[in-house]
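Protein chains in written order, with our numbering: chain W, 1 to 693; chain R, 1 to 693.
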């Protein structure tokens, strides 16, 4: 075990990730202010803030600070909220101070007679905790702290992590070990790791966690019963101290399965009453319970359709039960026909979410939020943005990303997703004319939503490095930072993470940053080309299989024949999906001339000889990117090898091992894809590189 | 539960299969002989014979016979061996009587003063039991018994069933429920069903059973230890009473895994000693233990290769340990490189068994038998015969068939395999010139093998009807009959089974027989065409997936591109596999003109426009057979529907349900295969039937 930030618990060996708090030597000269932490408040969150700050200071600077209620003279770090008189007196004249939202904070350096003091001030105690993490980040990155005047408000209200953890301890689409919450259908008793996880999440501003899988099986259905609520409450206690609300995924058929009712019809009064009582019971255990995440009428999960009710009726019933307590319903829009006939060319899975939900705009209660996956399909390496974003002015919407790399290399391949998410968030929907970016939809500003934000599916498990691939920690870090502030650039976020995780050796910073920033495009290069997607082995979704989903019921096809490939989703000759976008985007995608190359096969069926904007034909593009992708994967490995000796041996070897796998599997991707298309098209590579016949 | 043959045990509900012993009314006039069973011998097998005969007579004729040691006057059924003085006196002048082999028997009707007596005489008690089953078969089929003079010797010495049962209760490639031997890593205590299974096997002449999977996992490795040997012995007791020897599959790495040794090297004396002691211990528990079945150095199983020893060295070491007790080693030849690179066109899995074993001819001990799968690949719906048959004059060989329908519809589809096996057994290897059929290799007559015969992988489980698909019972029945006498025609066997299982209504006999006899060709029609094979979903092997194994490491490819399809296995331009056959067959397969249509793509890569002997092109043949195959599957269902009311409702519905599934899944096969090849070839159906684009 390298690093010295996290105190390891007995028997547990895991990495501190970006909370390493490595010793910073010889940089900060004026150390006296670190000796006194003045705490102007008391609460579990305050306690966490003080504990974290003490831990950080002692680890980074070797000073054990005193924690006091007040001091006589300057030279201290003060933690307090805006309610504190001294704080109010000092800062209330500042405009930004008055504009702090309930999770906002400020960090201010005040010099008096040459004595520096730092004020870490939140609107509430949560802001104080965020300020502490921010301040410690600055220390670790060796930033000048003499002239700080920082104001931060999170841009998104809901900044959530969804766990797809099952009570048997498995994690659906998990690639980093087993659950840290559950084992053998029980809660894991030792909460140490959960606390350290809460610290990691809180340090990047996450404020909500759903602890169980959206696919709620028999065991997890009982999480809302007395059998397990006290266990859930213990986890909620841990998270609460880090400003994180706990949510549960629920089974829509709970009234039948655990309630003894014969129906789960949302308009049935006994069902309504059952949920009302259930919610009351939950809030008796967890007074600040967040609410429910619901996957209904999707992939064989039960839902209101069984009773001829629509999604609004289904969600509103739960919303009413939660409303008195301030809880919310997060209702997933991942609803489509997963028993499609591959022979049926008229049904288009991409259209499903919009078709299901758009007509219901205005019918959802204001404590319901629709959670929409970034793309219309399912977390492919490349998809267009879901046309549902911005299409429902009167319905709260939030984004769902996937940190766990289901379709993007399963944490064996390096695939840093921040650049992808940035593209999604910056995408202009034109919902209210130019400048209606997705980020403005999900931060609630475009339509003034009551609830909105971003959720993402966790990539962590009980592996010692949390994420399987050590560099995949960057996706969790970056997700949190982006959820806090979507305006941050991928480069800024990357730079922070590398500095915090590997230190400030310039060669390390340069190489690791470049590896991360290049990796998504590289993965795209050697996998599914031009936005077509789904060329993976069915079920586990790892490795190339061009026809793997081609004759399946999942609505996921590429229609490659001997002449061409791609899905015609145009209005003129195809499924009409393009019409779901606002006109500017609809026109862009509808026209083969204006459709971006990287999404060409998502929207159009073209001959292999079709010329891209790059000037290459589609078939030559496929060959080029697949040959190049492998070379780029090798370059990733070469970059990493340059860092030998500059990174602790354990992490160096762990990453190298994954990069070796990546190179080998990239070759498999290259050769399968190239051979498949060579066999089908009969067209050779114009550069005569090796394509197996 | 219909039928009245098998006494059902408490809580257990399962069918009697072909041992129904339905009441035969008004056919047999002279019933007095059935009142007296004269038993001239005593042994567990004799006991079984008497019990079965009594049960059969009372059920078929409603008479409860007396069992006596002798009678004064004629009019009886006598059970005895050739050692009996009266028997010897009466029959020893007959040439056939003297030619009985140790499992042979005779059935003789003797009329004296108008009083009929029947002699059921075996060379040993096993023959007596076989004679009883034969006689009961005749009664059930309403055969004339007044003038019987039947002599039977089994043609094959080893007539075995291999179970791929695991101790957790699962069955590898099982499609009829869980194991009847094992549950939760223990032996199932209640032996009733095993006894009834022994009756079924014995009734068709099976004389050996391997009770555990050839893939021997951790748990089953311990079957040869004191922990489990007394359980194995109990099963052996049950089987022994029905003339069946018990065998075990062993783990070649046992000396390491349970013996505490550091090696399993067959030339290491401590290893040899360990096996010697182990075998001694087994025989203390089971004095007539059959021996070991070994899957070594195949599909990740351990074997002698680890120690740079060859298969002969590996097998002989075990053979030496077994020899003193009369046990044998059955060594599987299913050895190939399962980590092949699909890009590598020079390696040909079809060649592997011959390449591995042929050079070792003469090096195996005479109590080793090589068990060779019928084809060079793996139980596909259509393969050529393995060229290894007949290629090793100095090495015992036996056949391995697969009754369980891994690649032939998994007991959801009707696929009666007797016609396939008949083709294999009748195939002329030309090993010693014309007339060197496979059946003469495996019955030991061609080269005078010390041990030889046929084994097959069981299709039974704990389903109430034993085999999932009721009509799949016919495959087990037919296998036994064919192993006893490969000269029986498919029609004879089929007729027997239908009469025994469904009675003698002429419509039932005609329709069911025709369904069975047509079914293999029908399944072939709508699945993989022209011998190419492997167009199935990987792993579970059910349903169409043309490219499912195309880019895999398993050596199973079809090489379809936009111009053509097939594997070139010729000497002239391909892998050279054809040279493994004796010249007459090698020439037949080498030449595209003489290669039979149904194996064309196994041996040759041809354009889709290649004209078959039928006059159709390959592509049109693919379309024709796939359209026809579905129509034929529908006809199977129509035939069955005509039998409503003529077959008990339970079995009628069970079969109909499977036939409905078959029709639906046949359509899926048809459409996937046709679309795949249409997309690839660009050639339409000349009859303009629907092919989805």
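Every residue gets a Cβ at the ideal spot worked out from N, C-alpha and C, and that includes glycine.
Please classify residue i: does DSSP put it in a helix, a strand, or coil?
i	result
residue 117 (chain W)	strand
residue 543 (chain R)	coil
residue 183 (chain W)	strand
residue 681 (chain W)	helix
residue 632 (chain W)	helix
residue 390 (chain R)	coil
residue 261 (chain W)	coil
residue 653 (chain W)	helix
residue 640 (chain W)	helix
residue 332 (chain W)	strand
residue 4 (chain R)	The predicted position of residue 4 (chain R) is uncertain, since its pLDDT is 37 and thus under 50; a value taken from the coordinates is nonetheless stated next. Residue 4 (chain R): coil per DSSP, three-state reduction.
residue 384 (chain W)	coil
residue 10 (chain R)	In this predicted model, residue 10 (chain R) has a pLDDT of only 48, less than 50, meaning its place in the structure is not dependable; the value taken from the coordinates is given anyway. Coil.
residue 271 (chain R)	helix
residue 552 (chain R)	coil
Assuming residue i and residue j are in contact, meaning their beta carbons sit under 8 angstroms apart, how far apart are those beta carbons, in whole angstroms?
i	j	result
residue 403 (chain W)	residue 367 (chain W)	Actually they do not touch by this definition, with Cβ atoms about 26 angstroms apart.
residue 209 (chain W)	residue 247 (chain W)	7 angstroms
residue 413 (chain R)	residue 665 (chain R)	7 angstroms
residue 20 (chain W)	residue 500 (chain W)	7 angstroms
residue 205 (chain W)	residue 159 (chain W)	6 angstroms
residue 153 (chain W)	residue 101 (chain W)	5 angstroms
residue 747 (chain R)	residue 250 (chain R)	Here chain R covers residues 1 to 693 and nothing more, so residue 747 (chain R) does not appear.
Counting only the same chain and skipping the five closest in sequence on each side, list residues whose C-beta sits under 6 angstroms from that of residue i.
i	result
residue 133 (chain R)	203
residue 419 (chain R)	490, 520
residue 56 (chain W)	21, 136
residue 530 (chain W)	600, 601
residue 473 (chain R)	17, 467
residue 622 (chain W)	529, 677
residue 326 (chain W)	none
residue 626 (chain W)	526, 670, 673, 674
residue 174 (chain W)	461
residue 279 (chain R)	321, 322
By Cβ distance below 8 angstroms, which residues in the same chain neighbour residue i in space, the five residues on each side in sequence not counted?
i	result
residue 9 (chain R)	Bear in mind that the predicted position of residue 9 (chain R) carries a pLDDT of just 45, short of 50, making it too unreliable to give a figure here.
residue 149 (chain R)	106, 107, 108, 109
residue 644 (chain W)	652
residue 302 (chain W)	251, 252, 253, 264, 296
residue 115 (chain W)	32, 33, 73, 74, 75
residue 283 (chain W)	289, 325, 327
Just list the residues that DSSP pairs residue i with in beta bridges.
i	result
residue 536 (chain R)	R:544
residue 607 (chain W)	W:564
residue 399 (chain R)	R:372, R:454
residue 152 (chain R)	R:105
residue 531 (chain W)	Bridge partners of residue 531 (chain W): none, in fact.
residue 36 (chain R)	R:66
residue 171 (chain R)	R:165
Might you give, ordered along the chain, the residues of its own chain that have their beta carbon closer than 7 angstroms to the beta carbon of residue i, omitting 5 neighbours on each side?
i	result
residue 477 (chain W)	18, 204, 497
Just list the beta strand (DSSP E) runs in the region 199 to 233 of chain R, keeping only unbroken ones of 3 residues or longer that don't cross its boundaries, in chain order.
208 to 210
Continuous beta strand (DSSP E) assignments of at least 3 residues falling wholly in the region 61 to 142 of chain W
66 to 68, 77 to 81, 105 to 112, 115 to 122
Could you tell me which whole beta strand (DSSP E) segments of length 3 or greater appear in the region 445 to 501 of chain R?
453 to 457
Note down, in chain order, all residues in the region 561 to 572 of chain W with a beta-carbon under 9 angstroms from any beta-carbon belonging to chain A.
Any reference to chain A falls outside this structure, whose protein chains are W and R.
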